[in-house]
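Colleague: Below is one structure. I have some questions about it.
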Amino acid sequence: MQLTGFPRIAIDPGICGGRATVVGTRVRVTDVLEMLAGGATPGEIAADFPYVTEDDVRAVLAYAARH
Numbered sequence: 007m008q009l010t011g012f013p014r015i016a017i018d019p020g021i022c023g024g025r026a027t028v029v030g031t032r033v034r035v036t037d038v039l040e041m042l043a044g045g046a047t048p049g050e051i052a053a054d055f056p057y058v059t060e061d062d063v064r065a066v067l068a069y070a071a072r073h
């Protein structure tokens, strides 16, 4: 299920135990946040995970800020 106000973030009980993920992937919001905390840039994350865009990374940050 996509979240209202966060079209790039989904929560599905059948994917990653119902934890928030980037839509269409199994990349958890927490994974992206940990990479950013470790010093990775949005561009580096997108390069390492080609199915995640820099816009997805920004959406993760917006979601985390809200929650």
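Just so you know, we're using the working numbering here: the sequence shown kicks off at 7 and counts up by one.
Note that the Cβ used here is the ideal one computed from N, Cα and C, for glycine as well.
Keep in mind that this is a model prediction, so the values were computed, not measured.
1. Under a Cβ-count criterion, where at least 16 other Cβ atoms within 10 Å of its own Cβ denotes burial, should residue 61 be classed as buried or exposed?
2. For residue 9, write down the residues that DSSP places opposite it in a beta bridge.
3. Would you mind giving the Cβ-Cβ distance between residue 63 and residue 51, rounded to the nearest angstrom? I have them listed as a contact below 8 Å.
4. If you run the structure through DSSP and keep just helix, strand and coil, what is residue 32?
5. Roughly how many angstroms separate the alpha carbons of residue 45 and residue 68, rounded to a whole number?
Modeller: Considering the structure as presented:
1. In the sequence shown, the residue the question calls residue 61 occupies position 55. It is exposed - the Cβ of residue 61 has fewer than 16 other Cβ atoms within 10 Å.
2. The sequence position of residue 9 within the sequence shown is 3, counting from 1. 12.
3. As a first step, residue 63 is located in the sequence shown; it is residue number 57 there, counting from the start. As a first step, residue 51 is located in the sequence shown; it is residue number 45 there, counting from the start. About 5 Å separates the two Cβ atoms, so the contact holds.
4. Counted from its first residue, the sequence shown places residue 32 at position 26. Coil at residue 32, not helix or strand.
5. Residue mapping note: residue 45 aligns to position 39 of the sequence shown, counting from 1. Residue mapping note: residue 68 aligns to position 62 of the sequence shown, counting from 1. If I take the Cα positions, the gap works out to 18 Å.
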